[in-house]
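In the working numbering, the protein residues as written are 2 to 408. Heads up, the beta-carbon is just placed ideally off N, CA and C, and yes, glycines get one too.
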Amino acid sequence: MSRDLLNIVDLEAQLDQQLQRPRVTNLGAVRQAAIAWSHAVWSVAESAGPLMLTMGEIERAFAIADRPVFVFGAHRSGTTLVRDLLDHHPALSVLPAEGTMLTNFAWHLKRLAPDSWLPFLGCEWLRRLANPINQQPYWLLGRSSTEGSPYVEFARALQAWWPLVSTRLGPRTTSWPLVAIALAYAHGTTGLHAESLLQRWVEKTPTNERFLARLMAEFPQARMLHVVRHPFAVYASSCQALRNAGLPSSEETRILRQMRLSYREAASRSFQPASDSYLLVRYEDLLEDTAGGVDRIASFLGIQPLPIMTQPTANGIPTPSNSSFDSGKMAGKLERRSADTEFSSLTARDRERLSAMLADDAEKLGYPLAPPPALRRQLLQIRTHAGWLVDRLRARWVRFLSVYQRP
2 MSRDLLNIVD LEAQLDQQLQ RPRVTNLGAV RQAAIAWSHA VWSVAESAGP LMLTMGEIER
62 AFAIADRPVF VFGAHRSGTT LVRDLLDHHP ALSVLPAEGT MLTNFAWHLK RLAPDSWLPF
122 LGCEWLRRLA NPINQQPYWL LGRSSTEGSP YVEFARALQA WWPLVSTRLG PRTTSWPLVA
182 IALAYAHGTT GLHAESLLQR WVEKTPTNER FLARLMAEFP QARMLHVVRH PFAVYASSCQ
242 ALRNAGLPSS EETRILRQMR LSYREAASRS FQPASDSYLL VRYEDLLEDT AGGVDRIASF
302 LGIQPLPIMT QPTANGIPTP SNSSFDSGKM AGKLERRSAD TEFSSLTARD RERLSAMLAD
362 DAEKLGYPLA PPPALRRQLL QIRTHAGWLV DRLRARWVRF LSVYQRP
């Protein structure tokens, strides 16, 4: 295996050279290098075979498999910060990259033969563990050497857990592949031995609130953390993220649509009795009183509020600023920007559209917005919905061509 490991080390070095600090901009080159590396890792893992699991590990794993914590909300609402504050708690195994099982992977898996699911997801998650969000920290499991690779061990663990999870959970949940990934990650980080303090596994996927009823039905013991933030700040941060990624401004319509769905779900639950399974987390409250916010989340999850929960990390590594506007802030420290600074990039048109779409639901969540006059508001809503429909049809056509069009 030493020659194979040397190849992995070489490919890993090539990928690392493409991972710009502090943020990746050459996405095409990174993806090409990441694919070559992940396929090499998966090939070595397949040759070595699945890890051997003990009965104690299996019992421990399935004791927590049904007890996930799902973190969700509109993109740029603070879901990453909440996840990173939960990271490294001994009672939690926190996936350091977005799960995207229902929002992304389910669509891809439908178009693959079932025997291709494991290598497809395995290689995808190897890449996510090396480069979770196109900015530091990278290589969350450490670096490979000619003595061994933590990524090969993760792949072997996934190969071991996959058939067990498929058999036990596959018949009742569409998210069972994500559970297998979570157990493989926990196996190599927190550990699944009998002495482990592990109680739950955690994943975050923005816009998962669209599937809230399904997740609650498939995981009755799950805990749901719905993160909300002032709509102006969410939109400003989302648009800045579009600019950082070089994406077209037409994506703004999709952002508005997703925000409306998220705020509507949160608002509908804001007046319901307190639930053992659902907790609304306001981003601003968490920044203003981090210790108090952490205590509230810890109480909801039934875990001890440890000091580590006030320091954002990914697998124990300090994460960068929780702001789309700053990249040079000290890692592991919370960035508290004033409301005026967050909203300064919004135009009057932006504010009017946001108020037209979100004012009613936002006010129920403690974010008062002044809606336009009734007729003007209705016109803006129609225009936004029409733009979203056009973008959706265009995306479906592009997806159709990518799948069915011959070269």
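With contacts defined by Cβ atoms closer than 8 Å, S345 and V235 do not form a contacting pair. Taking the CA atoms as reference points, E252 sits about 11 Å from Q259. If you draw a straight line from the Cα of P51 to the Cα of P306, it is about 36 Å long. Boundaries of the beta strand (DSSP E) harbouring R201: R201 to K205, taken from the DSSP string. Per the coordinates, the alpha-carbon of T101 lies some 23 Å from the alpha-carbon of P232.
Shortest Cα-Cα distance from Q18 to any of W140, E204 and L213 involves W140. Of the residues W177, R129 and A181, the one whose Cα lies closest to the Cα of R157 is A181. Counting of Cβ neighbours within 10 angstroms places G317 among the exposed residues, the total staying below 16.
DSSP places I318 in the strand class (E or B) of the three-state scheme. Residue range P69 to F73 is occupied by the beta strand (DSSP E) that includes P69.
Here W398 is exposed. Its C-beta has fewer than 16 other C-beta atoms within 10 Å. Boundaries of the alpha helix (DSSP H) around R354: A349 to K365. DSSP, reduced to helix, strand and coil, places M53 outside both helices and strands of the structure shown, so it counts as coil. Taking 8 Å as the cut-off, the Cβ atoms of A49 and V153 count as close. For S94, no alpha helix (DSSP H) encloses it; the enclosing beta strand (DSSP E) starts and ends at L93 to V95. The DSSP-derived three-state label of H76 is coil. Across the structure, H188 and L355 are spaced so that their CA atoms are roughly 44 Å apart. Pairing A107 with S145, the inter-Cα distance amounts to about 31 Å.
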